[in-house]
Amino acid sequence: MKVKFGASLLSWITPQWTPEAGKYAIEKTAKAGFDLIEILLPTSMEFNSKEVKQQLKDHHLDVVCSLNLPKEAHIAFYPEVAEKLIKQAIDKTSDLETDFLGGVLHGGIGVFSGNPLTEKEAEIITEVWSDVAVYAKEKGVNIGIEPINRYESYVCNTAGNVLDLIKKTGKDNLFLHLDTFHMNIEENNFYDPIILAAQQLKHIHITESHRGMLGEGTVNWEQLFKALKEIDFEGNLVLENFSSSIPGMQQMVSLWQKSPYKAEELALASLSFMKSHFNK
């Protein structure tokens, strides 16, 4: 396997990007010994790529980007808005001289129609994905699409949902981005989705069932790493657990229980956990 270990911005700051908070997250990620940082792009796209690129260079840190579509860019309802936003995110990703944009790119988080995804909605989504895939290819960017749980979306909840829609596009730069928190809710296990995806899996958010310390929840890490080894996974394992020690985090991500760990000890011990399982 060829893997890079990363930390999400959310390991250090709330989802609300500011230049000061972003700089802090980059510094903390580098100091903790991660290979890369995943930058969750602000939907406003108020993001100074040149400045951030220099900070990354100064700290010898690789980077990938992600975007979570907001309610007002739900693809099935507002395809033109969504396509424009995703293309802007592709531009920012390219400006940082990295080749991966992941995230919730199938629908706005928290948007529901009251019914399962329709064929017409699926057609609209695959049309937008096809268009942004062509645009991304010109920029040298691969796109990873993250299924999320039923309480946050009705569009793509499982690996199979995403892979089916990718197949409809016929594009070879669209990939799967998994998250163990959502897998724990929606998948039958942690082995089959990875085997199903095989080389179409490029990015994984590594997080516990309760978003806390790895190994202290219900995620079956043995299954997960067994499957990754079997497909000879090449991609990023990015820590995305949350600590209530970060001001504002409880309110931003509904983390109502107080965390037993501060952000730094959570990140350091979780990185050690990932590496120990990877090296078994």
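Heads up: the sequence shown runs through residues 3 to 282, numbered per this note's numbering.
Note that beta-carbon positions come from the ideal geometry of N, C-alpha and C, so glycine has one too.
Note down the Cα distance separating residue i from residue j, rounded to an integer number of angstroms.
i, j, result
"V83", "I233", "36 Å"
"I2", "K204", "With the chain covering only 3 through 282, there is no way to say anything about residue 2."
"G35", "I206", "18 Å"
"Q248", "I15", "What sits at residue 248 in the sequence shown is Ile, not Gln. Roughly 6 Å between the two C-alpha positions."
"E285", "D166", "What is shown of the chain runs 3 to 282, which leaves residue 285 out entirely."
"Y137", "I168", "16 Å"
"Q259", "S246", "8 Å"
"I28", "E40", "9 Å"
"L226", "P149", "17 Å"
For the alpha helix (DSSP H) containing residue i, list its first residue and its last residue.
i, result
"S132", "121 to 141"
"L230", "223 to 232"
"L43", "Premise fails: L43 is in no alpha helix (DSSP H) and is neither H nor E."
"M215", "Counting along the chain, M215 falls outside any alpha helix (DSSP H), and DSSP gives it neither H nor E."
"A199", "194 to 199"
Might you give, ordered along the chain, the residues of its own chain that have their beta carbon closer than 7 Å to the beta carbon of residue i, omitting 5 neighbours on each side?
i, result
"S132", "T171, K173"
"A91", "L43, C67, L69, L103"
"Y80", "E74"
"H61", "I28, E29, A32"
Where do the ends of the beta strand (DSSP E) carrying residue i lie?
i, result
"D283", "Absent from the structure is residue 283, since the part of the chain shown begins at 3 and ends at 282."
"D174", "Unbroken run through D174: none, as it is neither H nor E."
"V157", "No beta strand (DSSP E) contains V157, which DSSP labels as neither H nor E."
"K204", "203 to 208"
"N144", "144 to 147"
"L283", "The requested residue 283 is not part of the displayed model; the chain covers only 3 to 282."
"D64", "64 to 68"
"V54", "Looking at the DSSP string, V54 is not in any beta strand (DSSP E); the run it does join, the alpha helix (DSSP H), is 51 to 60."
"L270", "Unbroken run through L270 is the alpha helix (DSSP H), 265 to 280; no beta strand (DSSP E)."
"K30", "K30 -> not in any beta strand (DSSP E); alpha helix (DSSP H) instead, spanning 21 to 34."
"F7", "4 to 10"
Could you check which residue in the options has the C-alpha nearest to that of residue i?
i, options, result
"D181", "L198, R213, I168, K169", "R213"
"I208", "G162, S261, A271", "A271"
"K141", "L103, K231, G237, F177", "L103"
"F280", "A269, G250, L239", "L239"
Ordered along the chain, which non-local residues of its own chain (more than five positions away) have a Cβ less than 6 Å from that of residue i?
i, result
"M254", "T16, P17"
"I77", "A84, G109, I127, V130"
"K4", "E236"
"I197", "A229"
Taking CB distances under 8 Å as the criterion, tell me whether residue i reaches chain D.
i, result
"S278", "The question asks about chain D, but that chain is absent: this structure has only one protein chain."
What whole-angstrom Cβ distance do residue i and residue j have, given they're in contact under 8 Å?
i, j, result
"N190", "I145", "With 8 Å as the limit, N190 and I145 do not qualify as a contact, their Cβ atoms being about 26 Å apart."
"F7", "L273", "6 Å"
"G219", "F275", "Actually they do not touch by this definition, with Cβ atoms about 12 Å apart."
"S46", "E242", "That pair is no contact at about 21 Å."
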